[in-house]
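First the structure, in the form of structure tokens, and then the observations on it.
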Amino acid sequence: MSLMLPEKFQHILRIVGTNIDGKRKVMFAMTAIKGVGRRYANIVLKNADVNLDKRAGECSEEEFLIFDALFLIVTLLVIEKAINTVSTQNIQASVAWINHENRYNLENWLIFTITNY
Numbered sequence: 003m004s005l006m007l008p009e010k011f012q013h014i015l016r017i018v019g020t021n022i023d024g025k026r027k028v029m030f031a032m033t034a035i036k037g038v039g040r041r042y043a044n045i046v047l048k049n050a051d052v053n054l055d056k057r058a059g060e061c062s063e064e065e066f067l068i069f070d071a072l073f074l075i076v077t078l079l080v081i082e083k084a085i086n087t088v089s090t091q092n093i094q095a096s097v098a099w100i101n102h103e104n105r106y107n108l109e110n111w112l113i114f115t116i117t118n119y
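Quick look at the structure:
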């Protein structure tokens with residue numbers, strides 16, 4: 003970590019109801035969220051085009067809103083699949099909603115992960 007902190011550095015962040023340490027790298031900081039491991043955090047952050055070398059406290063408000071939305075939507079889809087109420091059509095509709103500007107390339111890994119769960 004550099005000696006100079008950015009002007010808008012946040013030491014504690016709140017994502018999905020969890021306090022995140024802003025001094026840790028983004029991928030490792032996300033593992034503080036219950037049920038999120040390094041692999042899951044890595045996939046979501048790469049799909050959100052976030053630099054993995056960045057500290058969590060250096061991320062912008064928009065990036066954290068994106069993280070919040072991605073973690074919640076994917077978690078809800080996995081829960082729906084676990085109770086057998088999700089259909090492929092629901093998954094594709096949710097992916098289309100996330101991908102509304104075709105910014106995040108979630109479709110392939112998301113559908114594969116949920117349908118093979």
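Going by our numbering, the first residue of the sequence shown is number 3, and it counts up by one from there.
Glycine included, every Cβ here is placed at the ideal spot set by N, Cα and C.
Classification of residue 40 by the beta-carbon crowding that lies within 10 angstroms, buried from 16 upward: Here residue 40 refers to the residue found at position 38 when the sequence shown is read from its first residue. With fewer than 16 Cβ atoms within 10 Å of its Cβ, residue 40 is classed as exposed.
Using 8 Å as the threshold, is the C-beta distance between residue 54 and residue 18 below it? Numbered from 1 along the sequence shown, position 52 holds the residue referred to as residue 54. Numbered from 1 along the sequence shown, position 16 holds the residue referred to as residue 18. In this structure, residue 18 does not lie closer than 8 Å to residue 54 by Cβ.
Can you tell me which of the three DSSP states residue 35 falls into? For this step, residue 35 is matched to residue 33 along the sequence shown. In the structure shown, residue 35 sits in coil (DSSP, three-state: anything other than H, G, I, E or B).
Residue 68 classed as buried or exposed, judged by whether at least 16 other C-beta atoms fall within 10 angstroms: Position 66 of the sequence shown, counted from the first residue, corresponds to residue 68. Classification of residue 68: buried, given that the 10 Å Cβ count is 16 or more.
Which class does residue 49 belong to by DSSP, given the choice of helix, strand or coil? In the sequence shown, residue 49 corresponds to position 47, counting from 1. In the structure shown, residue 49 sits in a helix (DSSP, three-state: H, G or I).
Rounded C-alpha distance that separates residue 74 from residue 49: Residue 74 sits at position 72 when you count from the first residue of the sequence shown. Residue 49 sits at position 47 when you count from the first residue of the sequence shown. Their backbone Cα atoms lie some 15 Å apart in a straight line.
May I ask which residues mark the beginning and end of the beta strand (DSSP E) holding residue 15? Stepping through the sequence shown from its first residue, residue 15 is reached at position 13. 14 to 17 is the extent of the beta strand (DSSP E) around residue 15.
Opening and closing residue of the beta strand (DSSP E) in which residue 23 lies: As a first step, residue 23 must be located in the sequence shown, where it is residue number 21. Note, residue 23: beta strand (DSSP E), 20 to 23.
For residue 27, the residue or residues it bridges with in DSSP: To locate residue 27, count along the sequence shown from 1; it is residue 25. Paired residues: 57.
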